[in-house]
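Chemist: Mind having a look at this structure? Questions to follow.
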Amino acid sequence: VGDAFVAGEASGRVRALIADDGKTRLKEAGPSAPVTVVGLNGIPAAGDLLVVAEDETLARELSNARQRIARERASSQYQSGLTQSVLASFSGDNKERRDMCVVVKADVQGSAEALSRSLSELTLENEEAIVGVKVLVAEAGDVTKTDVAIASVTPDTTIIAFNIAATQAAMDDARTMEIPIEYYSVVYDAIDSVESRMQEVLSPTPEGEYVGAAVVQEVFNIGGTGNIAGSRCTDGSIRKGSNVRVMRGDKILTESRVRTLRNFKAEVDAINEGDECGIGLLDYEDFQPGDVIESYVVAKK
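Under the working numbering, the residues of the sequence shown are numbered 147 to 447, in order.
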């Protein structure tokens, strides 16, 4: 009691030490002793170290220096984002900007900041859009109701819990609001998961129940009919008139319907796994060998 100290961006003098029973007042606390410290002039972040200083003046100077560094870092990040936005505007790049939002919670502040920095640097783009990651919160500590409330403000926000748990109240709220909480102990697993979700944001899959798929093996030009995709059904089934999407790698090229479906020379209503066929689509002919034609049924809401 009486020592000056600094904790993160906060400082103060110890006015009282209260034991973990919430009642007993102590004169000093040794290593690993859980206590409540009274005398802070601010609120430090979870995971900040409390360090005893020579006097209150020095503690206040350290606190002010840390606050200044935090402001400069935040200003630098803002200016960097603003500069990129302005440059993109003047470069004539008319691509749509899409953001995937995340809340990052970790066991220590250093891990939260490192993971947040790695995620913020991720970008994916195609001819139409650029997808980035916006970190709404990056803090140490368990996932709480407050974190879930923050995530609920922005649609499709994911909470990433790194080496920590979530409180029961937070889990209850997350289930009610349908907000995913993902738990990781390896940084690269978290990054891989976010990249996978970014790909979905970049090329969203149409809503619907998957029915089957065929791989294009050769493209035939039929006079008066146009290009037909000579394909092999690799899974499920494909029916004439069904909804399909044409995939090339991870990219969705188009969504269409099956106009014509032939097995050898005969027009058929459906083909099943293992069958070879010719597939013609409405208003689309730009097939290439290796393209995947996926059939789906539109989900009823």
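Beta carbons: idealized from backbone N, C-alpha and C, even for Gly.
1. So residue 357 packs on residue 382, CB below 8 Å; how close in whole Å?
2. Our contact map puts residue 254 next to residue 193 with C-beta atoms below 8 Å; I'd like the distance itself, whole angstroms only.
3. What would DSSP say about residue 431, mapped onto helix, strand or coil?
4. So, residue 320 versus residue 310, is the Cβ gap smaller than 9 Å?
5. Classify residue 391 as buried or exposed, calling it buried when 16 or more other Cβ atoms lie within 10 Å of its own Cβ.
6. What distance in whole Å lies between the Cβ atoms of residue 441 and residue 312, which are believed to be in contact at a cut-off of 8 Å?
7. Can you say whether residue 308 is buried or exposed, counting buried as having 16 or more other CB atoms within 10 angstroms of its CB?
8. So, are the CB atoms of residue 261 and residue 333 less than 9 Å apart?
9. Determine the DSSP secondary structure at residue 209, reduced to helix, strand or coil.
10. Would you check if the segment 201-221 and the segment 244-253 touch, i.e. whether three or more CB-CB distances between them fall below 8 Å?
11. Measuring from the CB of residue 187, is there a heavy atom of the ligand ZN at a distance below 8 Å?
12. For the alpha helix (DSSP H) holding residue 337, just list the boundary residues, first then last.
13. If you compare alpha carbons, which of 376, 427, 408 is closest to residue 401?
14. In the segment 228-307, which residue ranges form an unbroken alpha helix (DSSP H) of at least 4 residues, counting only runs that do not cross its ends?
15. Alpha helix (DSSP H) containing residue 318: first to last residue?
16. For residue 206, which residues in the same chain have their Cβ closer than 7 Å to its Cβ, ignoring the five residues on either side in sequence?
17. Quick one: Cα of residue 201 to Cα of residue 170, how far?
18. Whose C-beta lies closer than 8 Å to the C-beta of residue 287 among residues of the same chain, with five residues either side of it excluded?
19. Per DSSP, what kind of secondary structure is residue 406 in: helix, strand or coil?
20. Compare the Cα-Cα distances from residue 413 to each of 374, 148, 429 and report the closest residue.
Modeler: Judging by the given coordinates:
1. About 5 Å; that satisfies the 8 Å criterion.
2. About 5 Å separates the two Cβ atoms, so the contact holds.
3. Assigned with DSSP and collapsed to three states, residue 431 falls in coil, not helix or strand.
4. No, these two residues do not count as a Cβ contact at 9 Å.
5. Residue 391 counts as buried, since at least 16 other C-beta atoms from the protein chains shown sit within 10 angstroms of its C-beta.
6. Contact flag wrong, Cβ pair sits at about 39 Å.
7. Classification for residue 308: buried.
8. Against a cut-off of 9 Å, the Cβ pair of residue 333 and residue 261 comes out as a contact.
9. Residue state, collapsed to three classes: helix.
10. Fewer than three pairs of CB atoms, one per stretch, sit closer than 8 Å, so the segment 244-253 makes no contact with the segment 201-221.
11. Ligands are entirely absent from the displayed structure, and the ligand ZN is therefore not among its contents.
12. Its alpha helix (DSSP H) spans residues 333-348.
13. Measuring from the Cα of residue 401, the nearest candidate turns out to be 427.
14. You should have 255-266, 291-299.
15. Taken as a continuous stretch (DSSP letters only), the alpha helix (DSSP H) holding residue 318 covers 314-323.
16. 157.
17. Looking at the two C-alpha atoms, the distance is approximately 26 Å.
18. Excluding sequence positions up to five before and after residue 287, its CB lies within less than 8 Å of the CB of 192, 193, 251, 310, all in the same chain and listed in chain order.
19. Judged by DSSP in its simplified three-state form, residue 406 adopts strand.
20. The shortest Cα separation from residue 413 among 374, 148, 429 belongs to 374.
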